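What follows is a set of notes on a single structure, which appears directly below.
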Amino acid sequence: MTALADTQHYRTYKPKPLTKEEIGHVEILFGGLHWRAERVLQAVFENLGYKARPLPTATRADLSAGRELADIGQCCPTSFTTGNLANFLKNRAQEIGKENVARNYAYITAGSCGACRFGQYHQSYELALRNLGLEYFRLFLLDQGRIDQGAASGGGLDINMPLTLGAMWGILCTDVLQNLEYQTRPYEVEAGATQRAVEASVDCLSDAFRKRPNRGKKWSTLVWHLSTDYFVEALREVKRKFDAVEVNRLQCKPVVKITGEFYLQTVEGDPNYNIHRWLESEGAEVFPASIAVWLDYWMRFYVQNFEEYRGIDRYAGAKIAAVKAIQKVFHWTYNRLRGALGNIPHELPDQYELRRLAAPYFHHRLSGGEGDMLVGKALWAHVNKRAHMICELSPYACMPNTMSIGAMAGVVGKHPDLLYAPIEVKGDAEVHALSRCQMILTEAKKRAVKEFVDVMERTGLTPEEAQPLLDANPQMKRATYRVPHGGAAGTAANLLLHLAEANNERRAAA
Ligand code: SF4
């Protein structure tokens with residue numbers, strides 16, 4: 000009876016107020032993306048007068064802490080991010096005391112309701128902080144479905160349009176930068192030149208976002224973000240930094256498309272066994288996962304919701320048309336930013352093509368995680384010859400990813416030539432996961448070489464004959480020269496096709 004009487008109803012988490020008077024000395028913590036995006040987001044906060052800092056990239060120690068302090072059965076991204084926040088605060092508490100930690104820091108994270116753990120991250124953080132005696136620490140949720148949430152509890156933090164739009168444009172700019180970087184580094188002539196260009200570029204973008212003009216708090220700021228050349232100009236400056244990087248794209252390398260759960264495919268570090276750098280060190284070109292694809296998917300999700308209401312809601316058709324129009328504007332904006340980098344960053348896949356490709360294997364209304372996109376993106380990259388191999392990063396204990404791996408068995412049955420490496424990430428089985436990836440990568444390398452040889456036979460050009468043609472066109476040796484997609488997956492094969500075509504045109508003109 001006593002135990003029953005002591006039982007309390009579950010109450011959803013509500014942060015203690017963060018007031019306008021306090022915000023001057025409170026540092027806002029955030030994390031969970033790659034370092035380029037996080038640095039630029041820090042600048043977005045600073046632009047709006049906040050103090051902000053990204054958490055350090057999560058480590059194996061954070062994973063262990065997350066498992067210990069919250070729910071051991073939760074998916075590994077939840078454990079990584081929970082432990083990451085908990086360890087940071089614990090270390091700070093040892094230096095300045097728990098009360099000062101609760102007073103001087105707050106944390107902001109994306110959240111939603113939904114079919115998977117993503118809807119419960121903040122509950123996990125709260126449990127971990129309670130277990131650390133930091134229950135007065137404040138966590139704030141950025142609802143992914145609302146771009147103008149207004150002032151959070153206490154009024155000190157305003158999750159308004161300038162903040163949300165700044166974050167969105169910051170993500171788009173760093174997406175295209177990351178794309179350019181990963182198409183450059185594998186072919187750089189001078190080791191380290193790409194890294195230097197990326198670091199200078201992130202400084203340049205951060206500076207631009209820190210100085211972003213104030214254009215009001217409502218629709219005027221949206222109109223400005225959509226119409227301005229401000230971000231395009233900042234990316235043109237980035238392009239100038241990459242202009243100086245010399246590349247040799249005649250090296251035959253397999254292209255590996257990264258897919259998987261959002262957090263694991265986005266971060267670069269222990270949470271995904273440093274897979275990006277590991278693949279490059281093994282001789283691959285990485286096709287990274289752009290965050291913009293997920294934002295586009297999220298819009299498609301609204302369309303799908305409205306589609307269910309056709310015949311019930313008389314405005315369903317108009318709502319679908321409106322969201323599709325927003326998607327078109329989104330693609331147009333992304334393409335403007337790509338254009339500033341010479342159209343080298345990969346284009347966004349069409350969401351309805353992804354849905355169509357995935358449809359025989361995974362229903363588009365199954366939500367949670369990336370839904371049908373894992374299947375759709377794998378098939379998109381395969382049938383459009385954008386990659387030789389798919390590396391899917393699947394978190395331990397992730398329900399949506401487990402479903403997509405099951406569905407991929409059907410895909411591979413129908414497309415036996417699709418090279419697919421699902422890597423289960425649980426933080427402590429790195430050798431096993433990477434050796435599994437290496438087996439498929441070996442096949443991908445053979446595939447890239449065969450493709451290159453086929454192109455040599457078709458064009459009659461060998462690398463030895465291609466080299467003088469390349470030397471005669473020094474602009475083609477710049478990182479910012481775009482090699483058109485000629486129908487091959489590999490960069491070297493596409494370059495050979497491009498050189499052959501240019502050579503034929505020159506001969507015809509002579
Ligand atoms: S998609 Fe999977 S790993 Fe990501 S939050 Fe949901 S359950 Fe966890």
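Position 236 (the sequence shown) corresponds to 235 in numbering that gives the first Met the number 0; numbering is contiguous.
A virtual CB, placed ideally from N, CA and C, is assigned to each residue, including glycine.
Here the structure is a predicted model, which means the values were calculated and not measured.
Consult DSSP for F29 and reduce its assignment to one of helix, strand or coil.
-> Here residue 29 is taken as the residue at index 30 of the sequence shown, counted from 1. Strand, per DSSP.
Is the beta carbon of N400 within less than 7 Å of some heavy atom of ligand 1?
-> To locate residue 400, count along the sequence shown from 1; it is residue 401. N400 Cβ: within cutoff of ligand 1.
How many Å lie between A432 and V424 at the Cα?
-> Looking up residue 432 in the sequence shown gives position 433. Looking up residue 424 in the sequence shown gives position 425. Near 7 Å, if we compare the C-alpha coordinates of V424 and A432.
Should K15 be labelled buried (16 or more other beta-carbon atoms within 10 Å of its own) or exposed?
-> On the sequence shown, residue 15 is found 16 positions in, with the first residue counted as 1. Exposed, because fewer than 16 other Cβ atoms sit within 10 Å of the Cβ of K15.
Would the C-beta of E423 count as close to ligand 1, meaning under 7 Å from any of its heavy atoms?
-> Position 424 of the sequence shown holds residue 423. False, no ligand heavy atom lies under 7 Å from that Cβ.
Under the DSSP definition of a beta bridge, which residues are partnered with S393?
-> As a working mapping, residue 393 is identified with position 394 in the sequence shown. Beta-bridge pairing by DSSP links S393 to E423.
CB of F261 to nearest heavy atom of ligand 1: below 7 Å?
-> Counted from its first residue, the sequence shown places residue 261 at position 262. Yes, ligand 1 has a heavy atom inside 7 Å of this Cβ.
Would a C-beta distance cut-off of 8 Å place G426 and P399 closer than the cut-off?
-> Position 427 of the sequence shown, counting from 1, holds the residue named residue 426. Position 400 of the sequence shown, counting from 1, holds the residue named residue 399. Contact: no.
Looking only at C-alpha atoms, which of F241, C436, A42 and A428 sits nearest to E169?
-> Reading the sequence shown from its first residue, position 170 is the one you call residue 169. Checking the displayed sequence, the identity of residue 169 turns out to be Gly instead of Glu. Ranking F241, C436, A42 and A428 by Cα distance to G169 puts A42 first.
In chain order, what residues of the same chain lie with their CB nearer than 6 Å to the CB of E450, ignoring the 5 residues before and after it?
-> Reading the sequence shown from its first residue, position 451 is the one you call residue 450. Same-chain partners within the cutoff: A487, G489 and A492.
Rounded C-alpha distance that separates K238 from P462 | What you label residue 238 is simply residue 239 of the sequence shown in a count that begins at 1. What you label residue 462 is simply residue 463 of the sequence shown in a count that begins at 1. Rounded to the nearest angstrom, the gap between the Cα atoms of K238 and P462 is 28 Å.
Are the beta-carbon atoms belonging to A57 and N90 less than 8 Å from one another?
-> In the sequence shown, the residue the question calls residue 57 occupies position 58. In the sequence shown, the residue the question calls residue 90 occupies position 91. Their beta carbons are not under 8 Å apart, which means A57 does not touch N90 by this criterion.
Sequence-distant residues of its chain with Cβ nearer than 7 Å to R435 (five each side left out) = If you number the sequence shown from 1, residue 435 lands on position 436. So the list reads A420 and I422, once near-sequence residues are dropped.
Could you tell me whether the stretch 344-362 touches the stretch 396-415, using the rule of 3 or more Cβ pairs below 8 Å?
-> Cβ pair count under 8 Å is three or more, so yes.
Can you tell me which of the three DSSP states Y106 falls into?
-> Reading the sequence shown from its first residue, position 107 is the one you call residue 106. Assigned with DSSP and collapsed to three states, Y106 falls in strand.
Per-residue DSSP class, three states only, for K376 = Sequence index remark: in the sequence shown, residue 376 carries index 377 (1-based). For K376, the secondary structure class from DSSP, reduced to helix, strand or coil, is helix.
For A499 versus L460, is the C-beta distance shorter than 8 Å?
-> Residue numbering aside, residue 499 sits at position 500 when the sequence shown is read from its first letter. Residue numbering aside, residue 460 sits at position 461 when the sequence shown is read from its first letter. Note that the C-beta distance between A499 and L460 is below 8 Å.
Note the first and the last residue of the continuous alpha helix (DSSP H) segment covering G282.
-> By one-based count along the sequence shown, residue 282 stands at place 283. G282 -> no alpha helix (DSSP H), and no H or E assigned at all.
Cβ contact check for the stretch 384-395 and the stretch 255-272: 3 or more pairs under 8 Å | Touching, per the Cβ criterion.
Chain-order list of residues whose beta-carbon lies under 6 Å from that of L54 (same chain, five-residue window excluded) | Within the sequence shown, numbered from 1, the residue matching residue 54 stands at position 55. Taking L54 as the centre and dropping the five residues before and after it, the same chain places the C-beta of L28, G30, N83 and F87 closer than 6 Å to its C-beta, in chain order.
Express the C-alpha separation of Q303 and A380 in angstroms, rounding to a whole number.
-> As a working mapping, residue 380 is identified with position 381 in the sequence shown. As a working mapping, residue 303 is identified with position 304 in the sequence shown. C-alpha separation (whole angstroms): 23 Å.
Neighbourhood of H345 by C-beta distance below 6 Å, restricted to the same chain and skipping five residues each side | What you label residue 345 is simply residue 346 of the sequence shown in a count that begins at 1. These residues qualify, in order along the chain: N178.
Classify L418 as helix, strand or coil using the three-state DSSP reduction.
-> Position 419 of the sequence shown, counted from the first residue, corresponds to residue 418. Three-state DSSP puts L418 in a strand.
For V454, I'd like the list of residues in its chain whose CB is within less than 7 Å of its CB, leaving aside the five on either flank, ordered along the chain.
-> The count along the sequence shown starts at 1 and reaches residue 454 at position 455. Excluding the 5 residues flanking it on each side, V454 has same chain C-beta neighbours closer than 7 Å at A487, A492, L495 and L496, in chain order.
Check whether the Cβ of F117 lies closer than 7 Å to any heavy atom of ligand 1, and answer yes or no.
-> Working through the sequence shown from its first residue, we reach residue 117 at position 118. Under cutoff, so the answer is yes.
Apply the 10 Å Cβ neighbour rule to V175 and answer buried if 16 or more other Cβ atoms are within range, or exposed otherwise.
-> Position 176 of the sequence shown, counted from the start, is the residue given in the question as residue 175. V175 is buried by the Cβ-count criterion.
So the alpha helix (DSSP H) A233 belongs to, where does it begin and stop?
-> Here residue 233 refers to the residue found at position 234 of the sequence shown. Boundaries of the alpha helix (DSSP H) harbouring A233: Y229 to D242, taken from the DSSP string.
Identify the continuous alpha helix (DSSP H) that holds F139 and give its terminal residues.
-> What you label residue 139 is simply residue 140 of the sequence shown in a count that begins at 1. Looking at the DSSP string, F139 is not in any alpha helix (DSSP H); the run it does join, the beta strand (DSSP E), is R137 to D142.
So the alpha helix (DSSP H) R457 belongs to, where does it begin and stop?
-> The residue labelled residue 457 in the question sits at position 458 within the sequence shown. Counted as a single uninterrupted DSSP element, the alpha helix (DSSP H) harbouring R457 occupies residues E429 to T458.
Taking 7 Å as the cut-off, does the CB of G367 come closer than this to any heavy atom belonging to ligand 1?
-> Position 368 of the sequence shown, counted from the first residue, corresponds to residue 367. Between ligand 1 and G367, a heavy atom-to-CB distance of less than 7 Å is present.
8 Å Cβ cutoff met for T401 and L32 | Counted from its first residue, the sequence shown places residue 401 at position 402. Counted from its first residue, the sequence shown places residue 32 at position 33. Between T401 and L32, the gap from beta carbon to beta carbon reaches 8 Å or more.
Among all the DSSP beta bridges, which residues are the ones paired with I158?
-> Taking the sequence shown and counting its residues from 1, one reaches residue 158 at position 159. Answer is G149.
Excluding the five sequence neighbours on either side, which residues of its own chain have a C-beta within less than 6 Å of the C-beta of S78, listed in chain order?
-> Position 79 of the sequence shown, counted from the first residue, corresponds to residue 78. Counting only residues of its own chain and dropping the five nearest sequence neighbours on each side, S78 has a CB closer than 6 Å to the CB of L62, G65 and R66.
By Cβ distance below 6 Å, which residues in the same chain neighbour Q326 in space, the five residues on each side in sequence not counted?
-> Here residue 326 is taken as the residue at index 327 of the sequence shown, counted from 1. Apart from the 5 residues on each side of it in sequence, Q326 sits with its Cβ closer than 6 Å to the Cβ of M298 in its chain, given in chain order.
Please go through the same chain and pick out, in chain order, the residues whose beta-carbon is closer than 7 Å to the beta-carbon of Y301, but skip the five residues on each side of it.
-> For the purposes of this step, residue 301 is taken as the residue at position 302 of the sequence shown. Excluding positions up to five away in sequence, the list reads V322.
Relative to ligand 1, is the shortest distance from any of its heavy atoms to the C-beta of P270 smaller than 7 Å?
-> As a first step, residue 270 is located in the sequence shown; it is residue number 271 there, counting from the start. P270: no, Cβ never under 7 Å from ligand 1.
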